[in-house]
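Worksheet: one structure, shown below.
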Amino acid sequence: MRVSCTVNGSPSVADDVWEGESLLYVLRERLGLPGAKNACEQGECGSCTIYLDDVVVCACLVAAGQAQGRSVRTVEGVATDENLDAVQQAFLDAGAVQCGFCTPGLIVATDDLLRRIPAPTDLQIREALAGNLCRCTGYEKILDAVRLATAQRTGGAPEGGAG
302 MRVSCTVNGS
312 PSVADDVWEG
322 ESLLYVLRER
332 LGLPGAKNAC
342 EQGECGSCTI
352 YLDDVVVCAC
362 LVAAGQAQGR
372 SVRTVEGVAT
382 DENLDAVQQA
392 FLDAGAVQCG
402 FCTPGLIVAT
412 DDLLRRIPAP
422 TDLQIREALA
432 GNLCRCTGYE
442 KILDAVRLAT
452 AQRTGGAPEG
462 GAG
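Here the numbering used here is used: the first residue of the sequence shown is 302, the next is one more, and so on.
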């Protein structure tokens, strides 16, 4: 089957997609967008988090055919032009990137959180990122990155422990 959708603002087509193929596979292997990572293939780790029609989903759980005619935005689409988004830059600046496997999903989840709640509390941050697993950082630098991105987007100073 052929799957036509908009990916990161551009029309995209994947041919010869079989019925059981995941959107994650199509994005990575057919469309050359390796940002979303293939880790658990069960929707448990968050490494493949993307937007599907502006709703955050695990791409490994979405059948590729479900993207037909819809809008998909990956971590590659979070950036604008050639510049990193504030969330992406904050992850770098805060040292929240280690092995990098969880980072794309965390960036998309953080972007989604800050779109919904421009100045989240630490509890809201933890709840929003609960579906994303990281085995390297211990999460504190990730929380620092979200606080820093919040400050950059709102023009304020990063806060901690706002519970």
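Using N, Cα and C, we set each Cβ at its ideal position, and we do this for glycine too.
- According to the DSSP assignment, residue 426 belongs to the alpha helix (DSSP H) that extends over 423-429.
- The segment 335-385 contains, as complete beta strand (DSSP E) runs of 3+ residues, the segments 350-353, 356-359 and 372-374 (chain order).
- The Cβ atoms of residue 394 and residue 449 lie closer than 9 Å to each other.
- With respect to the 9 Å criterion, residue 406 and residue 350 are classified as neighbours on the basis of their beta carbons.
- A direct Cα-Cα distance of roughly 10 Å separates residue 429 from residue 421.
- Residue 371 is positioned such that its CB atom lies no closer than 9 Å to that of residue 309.
- Excluding its 5 nearest sequence neighbours in each direction, residue 336 has C-beta neighbours in its own chain below 6 Å: 375, 376, 377 and 405, listed in chain order.
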